[in-house]
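As structure tokens, the structure follows; a few thoughts come after it.
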Amino acid sequence: MAGGSRFVVAGAAELQDFCDRVLLALGTDAEIAGEVARHLVAANLAGHDSHGVLRLAQYVEEADQGDLVPAARPLLIRESGVTALFDAQRGLGHFSTMAAAVWVSARAREQGLAAAAVRHSMHIGRLGHYAERITEAGLLALVTVGMAGTGAGTVAPFNGAARFQGTNPWCLAVPAAGRPPMIYDAATSTIAEGKVRMARAQSVQVPAGTVRDAAGNPTLDPAQLYAGGSQTVLGGEVAGHKGWGLSLAAALFGGLAMIADEAPSAAGTGRLPAPGVPALAGVFVAAVDPAAFGDALQYQRQVAEVLAAVGHVQPVPGVTRVLVPGDPERSTRAARERDGIPVPASIWEELAGLGERFGVPMPRA
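Counting with numbering that gives the first Met the number 0, you get residues 0 to 364 for the letters of the sequence shown.
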């Protein structure tokens, strides 16, 4: 495959305004459009282009197909002192998941911990975005989204050659006193599906061991994933059982949202499983207040000491320093806020098509 290196650079504020206006034209209300537009551009700023403006065309396509309901708002189906169940009603998952994050933050402050599940959600974007919001309140965060069932998602189980689950990421975040929090956010596939999507957009190969074709053979061609292929689980041939276990657990935790529901949906993809095929899918968000266990400030100071100590670990040859999860995103965010966000030319063309369709001027490039 030929390498694609053409990029267009645009400012974050203008990109966000463009996304906001396209979403409004698609039929969302101002509150939903604003939340989703902020989320997409924040993902680009953090360096996770796979969850950024690249996704806007996907959402429009899903709405055209009737999978996504742009104007849908989440419903609070049931709640107790520390748990809640939301129904996203096939709306934009960024908004419904943030609603869950806000709910668990408030309840954890009152009760020490809280958890919420969200069903019938479409793609929810970057998990770290919600965890960052929760840690701003001095709380620990756990966020996961998962789906599993015959033919579901794009990922094959360990030693499997057919799709069975989504990329099923986990995010764990811990606040620290006087320094940024630890934000671990990673898919349980070897690479996120969006990374494959980005490789296809740039006409470059995917790393070896990340994608298989429809027959289960290893391939470097990202297009093979979208021709019936599958992704591998984190850990590869040696330790793939670890990624497989984490992936399945994400679906089972998310599946709490499907209890007593008669129409399970593939959360995060917009695709319904085949009739009669059992599947679990959903979003799970939890928050923990360290104050429920003792002195919260002392705990955050101890966390800060441990995170600071990471920087004193001698790095391997060729590496400048050892990083804490969340450091790469913060570094990229600072650079892109200063220099702009690079968008692959093919994605820029997709955005231009959306702008023409909805009558929204393109950002300055």
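Every residue, glycine too, gets a C-beta built ideally from N, C-alpha and C.
Asked                                                                                                                                                                                    : Found
May I ask which residues mark the beginning and end of the alpha helix (DSSP H) holding residue 252?                                                                                     : 235–253
Kindly list the residues whose CB is nearer than 6 Å to the CB of residue 98, restricted to its own chain and excluding five residues on each side of it in sequence; keep chain order.  : 73
Would you identify the three-state DSSP class for residue 181, choosing helix, strand or coil?                                                                                           : strand
Would you say residue 201 and residue 343 are within 8 Å of each other, going by their C-beta atoms?                                                                                     : yes
Is the separation between the beta-carbon of residue 118 and that of residue 234 shorter than 8 Å?                                                                                       : no
Using the Cα positions of residue 175 and residue 339, report the straight-line distance between them to the nearest angstrom.                                                           : 29 Å
Quick check on this structure: which residue in 53, 90, 210, 283 has the alpha carbon closest to the alpha carbon of residue 140?                                                        : 283
Given a threshold of 16 other Cβ atoms within 10 Å of its Cβ, counted over all protein chains shown, does residue 34 qualify as buried or as exposed?                                    : buried
With a 10 Å radius around its C-beta and 16 neighbouring C-beta atoms as the bar for buried, classify residue 31 as buried or exposed.                                                   : buried
Kindly list the residues whose CB is nearer than 7 Å to the CB of residue 161, restricted to its own chain and excluding five residues on each side of it in sequence; keep chain order. : 155, 229
In the DSSP assignment, find the unbroken beta strand (DSSP E) run with residue 84 in it and report its ends.                                                                            : 82–86
What distance in whole Å lies between the Cβ atoms of residue 121 and residue 253, which are believed to be in contact at a cut-off of 8 Å?                                              : Residue 253 to residue 121, Cβ: 14 Å. No contact.
What do you get for residue 268, buried or exposed, if any count of 16 or more other CB atoms within 10 angstroms of its CB means buried?                                                : Confidence in residue 268 is poor, its pLDDT being 43 and thus under 50, which makes the residue's placement too unreliable to answer from.
Return the chain-ordered list of same chain residues with a C-beta closer than 7 Å to the C-beta of residue 48, the five sequence neighbours on each side being excluded.                : 197
For residue 19, count neighbouring C-beta atoms within 10 Å of its own C-beta (all shown protein chains included) and say buried if the count is 16 or more, exposed if not.             : buried
Quick check: residue 319 and residue 45, are their CB atoms within less than 8 Å of each other?                                                                                          : no
Pick out whichever of 334, 80, 86 has its Cα sitting closest to the Cα of residue 114.                                                                                                   : 80
Cα-Cα, which of 149, 194, 104 is closest to residue 288?                                                                                                                                 : 104
Measure the alpha-carbon distance for residue 348 versus residue 9 and round it to whole angstroms.                                                                                      : 13 Å
Considering only residues of the same chain and omitting the five flanking positions on each side of residue 177, which have a CB-CB separation below 6 Å?                               : 303
Using three-state DSSP, classify residue 13 as helix, strand or coil.                                                                                                                    : helix
In its own chain, which residues sit with a C-beta less than 8 Å from the C-beta of residue 279, not counting the 5 before and 5 after it?                                               : 145, 146, 147, 148, 250, 251, 253, 254, 257, 263
How big is the Cα-Cα spacing for residue 84 and residue 91?                                                                                                                              : 17 Å
Taking all protein chains shown into account, do 16 or more other C-beta atoms lie within 10 angstroms of the C-beta of residue 86, making it buried, or fewer, making it exposed?       : buried
Which word fits residue 225, buried or exposed, when buried means at least 16 other C-beta atoms lie within 10 angstroms of its C-beta?                                                  : exposed
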